[in-house]
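Enquirer: Got a structure for you, questions after.
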């Protein structure tokens, strides 16, 4: 430009040495626009921050949400106590309403995770049904470990929250601390630990999207196991269900109902078979092998196939009509129209994944007569996963069953199982036995020697004493007398004799 050229005499245009100055002038000319742009950005950020601040969850809202949770819990406990039924039917609707009102289930794009205090088999609940089951139980549902539910464990009167601190990060708020459940009947507080996560739903209400509850750490208990042992009550219920299942099959048959379908359901939900309709073993596999899918079943009164390991063989014992010559004698034990089942456990071994029980059981018929008490050993395992047949995870399933009638004290007639073929080993064994018995024949037949002749006599009636120096008793074994030893045959040429020597 001309004014730039004036600063540089003799040069109508900008010299190379002046280029940095030229760029500086250009930047200074454009700086008002940059400043204006930054100012507009700051205005927008301040506006967005103001909107975000208006949506932040406040500590007072968290405290109100905790108060609503405590009130709802105590109200539900009172409802179930008043209902006093096995499943708290009147309180189930209230529990569903409470969970949907406090937690963010069903909101698109939102995930809710709840970890109840005592849940072990399924510790994390991602559905409203899982939380409802934790509160009031779910008989026969997906969460059998919940039992009657935490709400119904005691006569809860109050719940008190004590926050250790509250953290607010954007649209998410977290609260950590202890809550105390006051037992009205005992007057003692149950202290538990919690972490709650809160968010604001589209309606502006504060909801729970994360709830983690745990017991305070105790060295004697908390760090020892990851799974609880199977309880005595679980084993008792499992054995009772087995007996009741057999009774129900016969009753359905007597009424003309579908007893075969009931038998299928009974085996699928009470035994640890992999499936009722699929055989996972190929024909080339060896049946004499250890497997996690094999059920060992030995009934007390099976006359044909005593040991049963397949679904069809056990089903044949229960309702008959089995295929195969070993199953043709099955008349169907469950079809005898039993009226009731009784049992007595004499011993238990309880572990986290399996249990063993020994005892006695009997069935009573519709005519009042009972079967002889049978002795049993039963092995249970915990079911794993939810199969297509509806078996719930954690339910005890039968893996081993051995039953027999008590010994009546009579002499047993044992069968002699002898080899069907003659082998060299068998011949040599027989020869050795023959030689041994030959040398001991004098222990059975007292050989009378003619005195002074040293010859044997065939007369076995007389039992006169045998004089031989040191021995004079007729009851003494002749082999102990030197004179008798000299009277024996001087040599034996059989192989058995050589073996005995």
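Numbering (our numbering), first residue to last: -5 to 495.
Here a beta-carbon is modelled for each residue, glycine too, at the ideal position from N, C-alpha and C.
Under 8 Å between the Cβ atoms of residue 349 and residue 160?
Expert: No, these two residues do not count as a Cβ contact at 8 Å.
Enquirer: Entirely within the segment 192 to 217 and at least 3 residues each: give me those beta strand (DSSP E) ranges in chain order.
Expert: Counting whole runs of 3 or more residues, the segment 192 to 217 contains the beta strand (DSSP E) stretches 200 to 208.
Enquirer: Kindly indicate if chain C contains any beta-carbon less than 8 Å away from that of residue 115.
Expert: The displayed structure is made up of one protein chain only, and chain C is not part of it.
Enquirer: Grab me the residues of residue 219's own chain with a C-beta within less than 6 Å of its C-beta, minus the 5 sequence neighbours each way, in chain order.
Expert: Note that residue 219 scores 45 on pLDDT, short of 50, meaning its location in the model is unreliable; the coordinates nonetheless yield the value given after this. Hits under 6 Å: none found.
Enquirer: Quick one: using the 10 Å Cβ neighbour count with 16 as the cut-off for buried, is residue 310 buried or exposed?
Expert: Residue 310 comes out buried.
Enquirer: Taking only the alpha-carbon atoms, compute the straight-line gap between residue 334 and residue 362 and give it to the nearest angstrom.
Expert: Rounded to the nearest angstrom, the two C-alpha atoms are 10 Å apart.
Enquirer: How many Å lie between residue 113 and residue 157 at the Cα?
Expert: Using only the alpha carbons, I get a separation of about 23 Å.
Enquirer: Under a three-way DSSP split, which group does residue 247 fall into?
Expert: Of the three classes helix, strand and coil, the one that applies to residue 247 here is helix, per DSSP.
Enquirer: In whole angstroms, give me the CA-to-CA distance for residue 288 and residue 394.
Expert: One C-alpha to the other measures close to 9 Å.
Enquirer: For residue 357, tell me which candidate among 345, 226 and 234 has the shortest Cα-Cα distance.
Expert: Answer by Cα proximity: 234.
Enquirer: Could you give the residue range of the alpha helix (DSSP H) that holds residue 311?
Expert: Taken as a continuous stretch (DSSP letters only), the alpha helix (DSSP H) holding residue 311 covers 305 to 313.
Enquirer: Count the other CB atoms within 10 Å of the CB of residue 60; is the residue buried (16 or more) or exposed (fewer)?
Expert: Label assigned to residue 60: buried.
Enquirer: Once the 5 residues before and after residue 330 are set aside, which same chain residues still bring their CB inside 7 Å of it?
Expert: Here the set comprises 244 and 359.
Enquirer: Which value, in whole angstroms, describes the spacing of the CA atoms of residue 494 and residue 426?
Expert: Summary for residue 494: the model assigns pLDDT 42, below 50, so the residue's position carries little reliability, and this model does not support an answer.
Enquirer: Could you check how far apart the C-beta atoms of residue 120 and residue 130 are, in whole angstroms? I think they sit under 8 Å.
Expert: 18 Å between Cβ atoms; not a contact.
Enquirer: Nearest to residue 137 by alpha carbon, out of 312, 148, 162 and 123?
Expert: When only C-alpha atoms are compared, the closest one is 123.
Enquirer: Can you tell me whether residue 336 is buried or exposed, with buried defined as 16 or more other CB within 10 angstroms of its CB?
Expert: Counting Cβ neighbours within 10 Å, residue 336 comes out exposed, since fewer than 16 surround it.
Enquirer: Taking buried to mean at least 16 other C-beta atoms within 10 Å of its own C-beta, is residue 346 buried or exposed?
Expert: With fewer than 16 Cβ atoms within 10 Å of its Cβ, residue 346 is classed as exposed.
Enquirer: DSSP on residue 336, reduced to helix/strand/coil?
Expert: Residue state, collapsed to three classes: strand.
Enquirer: How many whole angstroms separate the CB atoms of residue 392 and residue 372, which I take to be in contact at a CB cut-off of 8 Å?
Expert: Correct: roughly 7 Å between the Cβ atoms.
Enquirer: Taking the runs of the beta strand (DSSP E) that are 3 residues or longer, which of them lie wholly in the segment 85 to 118?
Expert: Segments of the beta strand (DSSP E) lying fully in the segment 85 to 118: 107 to 109.
Enquirer: What is the DSSP secondary structure of residue 331, reduced to helix, strand or coil?
Expert: Residue 331: coil per DSSP, three-state reduction.
Enquirer: Which value, in whole angstroms, describes the spacing of the CA atoms of residue 100 and residue 88?
Expert: Spanning the two alpha carbons is a distance of roughly 17 Å.
Enquirer: Given a cut-off of 8 Å on the beta-carbon distance, is the pair residue 290 and residue 303 in contact?
Expert: Against a cut-off of 8 Å, the Cβ pair of residue 303 and residue 290 comes out as a contact.
Enquirer: Per DSSP, what kind of secondary structure is residue 183 in: helix, strand or coil?
Expert: It is a strand residue.
Enquirer: Can you list, in chain order, the residues of its chain whose CB lies under 6 Å from that of residue 247, leaving out five sequence neighbours each side?
Expert: Taken in chain order, the residues that qualify are 253 and 329.
Enquirer: Excluding sequence positions up to five away, which residues of its chain have a Cβ less than 6 Å from the Cβ of residue 53?
Expert: Result list for residue 53: 160, in chain order.
Enquirer: Skipping 5 residues on each side, what residues in its chain have a beta carbon closer than 7 Å to that of residue 62?
Expert: Cβ neighbours of residue 62 beyond the five flanking positions: 96.
Enquirer: Could you check where the beta strand (DSSP E) with residue 430 kicks off and where it finishes?
Expert: Taken as a continuous stretch (DSSP letters only), residue 430 belongs to no beta strand (DSSP E), being part of the alpha helix (DSSP H) at 418 to 433.
Enquirer: Per DSSP, what are the beta-bridge partners of residue 177 in this structure?
Expert: DSSP output for residue 177 lists 150 as bridge partner(s).
Enquirer: Going along the chain, which residues of its own chain have a beta-carbon closer than 6 Å to the beta-carbon of residue 237, five neighbours each way excluded?
Expert: Only 335 meet the Cβ criterion.
Enquirer: Measure the CB-CB distance between residue 294 and residue 351 and report whether it falls below 8 Å.
Expert: No, these two residues do not count as a Cβ contact at 8 Å.
Enquirer: Determine whether the beta carbon atoms of residue 193 and residue 205 lie at a separation below 8 Å.
Expert: No; because the gap between Cβ atoms is not below 8 Å, this pair is not in contact.
Enquirer: Residue 265 and residue 308 look like a contact to me (Cβ under 8 Å); what is the Cβ gap, rounded to whole Å?
Expert: Yes, they are in contact, since the Cβ atoms of residue 265 and residue 308 sit about 7 Å apart, within 8 Å.
Enquirer: For residue 338, which residues in the same chain have their Cβ closer than 6 Å to its Cβ, ignoring the five residues on either side in sequence?
Expert: Counting only Cβ-Cβ distances below 6 Å, and skipping sequence neighbours, we find 353 and 354.
Enquirer: Hey, out of 115, 199 and 423, whose CA is closest to residue 50's CA?
Expert: For the residues 115, 199 and 423, the minimum Cα distance to residue 50 belongs to 199.
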